[in-house]
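So for the sequence shown, my numbering puts the first residue at 2; every next one is plus one.
I have placed the structure first, in the form of structure tokens, so that the comments after it can refer back to it.
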Amino acid sequence: MMNPLGIYLHIPFCVKKCDYCDFLSFPLIDLYQKEKRMEEYLDALKNEIRTRSRGLKNYRVNTIFLGGGTPTVLSGSQLDQLFSVLHESFSVDENAEITMEANPGTLTKDQLSVFVARGGNRLSLGLQSAQERELELLGRIHRFKEFEQSFFQARAAGIENINIDLMSALPGQSAEDFFKTLSTVLTFEPEHLSVYSLIIEEGTPFYERYRKDEENRERGEIPHLLPTEETERLIYHQTGEILNRAGYEHYEISNYARKNRRCRHNENCWKRIDYAGFGLGASSFFDPLRRRNETDLEQYIKAGGLPPFEEEISLSIREQMEEMLFLGLRLSEGVSISEFEDKFHQSPLAVFSKTLKKYQSTGHLLLQDGHIFFTDRGRDVANMILADFLL
Ligand code: SF4
């Protein structure tokens, strides 16, 4: 029987860099001879897919995810070429989930029609906020009107599964500001929502602007512009309640979906199902092997997409166990005790006995019906608790 496989393709270009972003992406305005650079990158990427797929013939692809960066900086014909190579190189399930990330202001009818013709069935739109002030503050290239256009264009092209990305905990943002965005977005009736808190990352313009504020917040002092921890928690908690009432399942710490609309690609990653990442800095997982591609654009292009991996680790049994808890607990159904036992011939209740007891007694974790999972209270502080599972 063929094993299931997820595929991730990384397109590391954006129109311009957002002020908070530390993802592996390059602003096209800074790239000299940008058309040429993009073509060179795509040639390297196609070569990587063709070559590496030869060793993956015992897999059947059930999810494909085009991420970035901004995949929608590619033209329709460049997208078409990428899909051709994918379909020539892999056996892709008829009902595979095929997602493309798109930024409002870059999505065109041409790209959409190629995407749909090639089996694309899920779009992830990076809106982040429905408030003009916040979009400007984040350094996004789009305005709300462009999001509206992109959303309806996607629906008109026949895409019935749309995710919207939102960000909370922005500088100067009150809980009311965020909930205004949320209620605006709900009027569009997307199938899926991802809501992440802003993280101030080193090396970004935001770090220069808000570093002191962030340090104050970490010390428990009241920040000047960033929301307090209490506001962040309140936003997180009420978002769950609002979306629950609106018919969304809170199936992962930051993700909400209508019935049968979970993101299968990400869900498989949290369940530790194998995936192959292609492109600059892309990660792959072939249990127990984790790999990361080269992150230097010049090196990647020069080596035709096949430079040595930048990182390659074979996880020890202990690390695999930690991962199974760390990733599995992100999902609402948590970790299956029998699946853990089948894989490791040990019970998670014994391996993680101290940590489990601690968080059961505080009411953050529950053991029920053969699963370990977060209570609502636990999910509010999940990231802190998850760190405790690293043995
Ligand atoms: S569009 Fe996304 S990847 Fe590109 S700069 Fe903005 S946040 Fe980063």
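C-beta: ideal position from N, C-alpha, C; glycine also.
Quantities reported herein were computed from a predicted structural model and do not represent experimental measurements.
Looking only at Glu311, Glu313, Phe341 and Pro309, the smallest Cα-Cα distance to Glu324 is reached by Phe341.
Here Ala170 is buried, its C-beta having at least 16 other C-beta atoms within 10 Å. Restricting attention to Lys58, Phe66, Val74 and Thr64, the CA atom closest to the CA of Lys35 is found in Val74.
Taken in chain order, the complete beta strand (DSSP E) segments of 3 or more residues contained in the region 189-253 are 193-198 and 250-253. By the C-beta criterion, the region 99-115 is judged not to be in contact with the region 268-276, since fewer than 3 inter-stretch pairs fall below 8 Å. Counting the other CB atoms within 10 Å of its CB gives Glu233 a total of 16 or more, which places it among the buried residues. For Gly278, the enclosing beta strand (DSSP E) stretches over residues Tyr276 to Phe279. Below 8 Å, enough C-beta pairs join the region 253-266 and the region 61-70 to call them touching: three or more.
Ser284 and Leu6 have their C-alpha atoms roughly 13 Å apart. Ranked by how close their Cα comes to the Cα of Arg291, the residues Glu311, Gln154, Tyr60 and Gly241 have Glu311 in first place. The continuous stretches of beta strand (DSSP E) do not include Thr363, and DSSP gives it neither H nor E.
Across the structure, His346 and Leu357 are spaced so that their CA atoms are roughly 18 Å apart.
Secondary structure of His266 (DSSP, three-state): helix. Within the model, the alpha-carbon separation for Ser125 versus Asn217 is close to 34 Å. DSSP places Tyr301 in the helix class (H, G or I) of the three-state scheme. Gly278 and Lys344 have their C-alpha atoms roughly 25 Å apart.
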